Amino acid sequence: GAVVSQHPSWVICKSGTSVKIECRSLDFQATTMFWYRQFPKQSLMLMATSNEGSKATYEQGVEKDKFLINHASLTLSTLTVTSAHPEDSSFYICSARALAYSYEQYFGPGTRLTVT
Amino acid sequence: DAKTTQPTSMDCAEGRAANLPCNHSTISGNEYVYWYRQIHSQGPQYIIHGLKNNETNEMASLIITEDRKSSTLILPHATLRDTAVYYCIVREENNDMRFGAGTRLTVKP
């Protein structure tokens, strides 16, 4: 149990376009979902936390108008990178947490975004 | 204000035990010690966690010192597939996971 999936696994987009990444908890209802970003040879950095039906809470320095997070249901969260630029190229990883699993965090496989 | 300190990198011979240390001298009484690992271009994989007592599962053992200021993750028989970055994280039960730099473990044949 406790599987988190992401789609797509990789995406290439042109500068100025928007791209949406989906995160799904496959076999549990996630009360909270998290989005992380990881640049090459660096650690994971928490971008934002979202609870179902509520607005996301963004970490300092993360532009909420650029990284739109929607947590519309207990099994789905989306991250939309708006007006993407090459510096947004990164590995985006989502994570989900559930009361049923004692608030443990489970991580998705990540999405590689390349902006050309 | 990193809560944990880990060596940047370590090597281990295949088949030998890999012992990965972590210092968390400011850990509070209700914070758990978690270990995750990340193989290149994948999401983090949960390994083990503990509060006070030593823990063991099918992947690894976690040894926490009595004062809880440090811990060691032990992979008893390292294989080449254990090559990864290992993250030691301390957190309270309901808080989010925040990652430090981790230890890059290289298992060599």
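Protein sequence lines, in the order shown, are assigned to chains V and F. Here this note's numbering is used: position 32 in the first sequence is 32, and no number is missing along the way. Add 1000 to the 1-based position in the second sequence for this note's numbering, that's all there is to it. Note that the Cβ used here is the ideal one computed from N, Cα and C, for glycine as well. Since we're looking at a predicted model, the values are computed, not measured.
Within-7 Å CB hit, residue i to chain F
{"i": "Ser-43 (chain V)", "result": "yes"}
{"i": "Gln-105 (chain V)", "result": "yes"}
{"i": "Phe-34 (chain V)", "result": "yes"}
{"i": "Gly-110 (chain V)", "result": "yes"}
{"i": "Ile-12 (chain V)", "result": "no"}
{"i": "Ile-21 (chain V)", "result": "no"}
{"i": "Ile-69 (chain V)", "result": "no"}
{"i": "Thr-80 (chain V)", "result": "no"}
{"i": "Thr-49 (chain V)", "result": "yes"}
Per DSSP, the bridge partner or partners of residue i
{"i": "His-1049 (chain F)", "result": "F:Tyr-1034"}
{"i": "Ala-56 (chain V)", "result": "The partner list for Ala-56 (chain V) (beta bridge, DSSP) is empty, contrary to what the question assumes."}
{"i": "Glu-159 (chain V)", "result": "Because chain V here runs from 1 to 116, residue 159 (chain V) falls outside it and cannot be looked at."}
{"i": "Ile-93 (chain V)", "result": "V:Tyr-36"}
{"i": "Val-1090 (chain F)", "result": "F:Val-1033"}
{"i": "Ala-1084 (chain F)", "result": "F:Leu-1105"}
{"i": "Ser-43 (chain V)", "result": "Paired residues: none, contrary to the question."}
Neighbour-count burial assignment, residue i, 16 or more Cβ in a 10 Å radius
{"i": "Asp-1067 (chain F)", "result": "exposed"}
{"i": "Gly-1029 (chain F)", "result": "exposed"}
{"i": "His-71 (chain V)", "result": "buried"}
Closer than 7 Å to chain V by CB, residue i
{"i": "Gly-1043 (chain F)", "result": "yes"}
{"i": "Ala-1013 (chain F)", "result": "no"}
{"i": "Asp-1082 (chain F)", "result": "no"}
Run of the beta strand (DSSP E) containing residue i, from where it starts to where it stops
{"i": "Thr-1072 (chain F)", "result": "1070-1075"}
{"i": "Val-1107 (chain F)", "result": "1103-1108"}
Inter-residue CB distance, residue i and residue j (contact presumed, cutoff 8 Å)
{"i": "Arg-1037 (chain F)", "j": "Ala-1078 (chain F)", "result": "That pair is no contact at about 12 Å."}
{"i": "Tyr-36 (chain V)", "j": "Leu-44 (chain V)", "result": "4 Å"}
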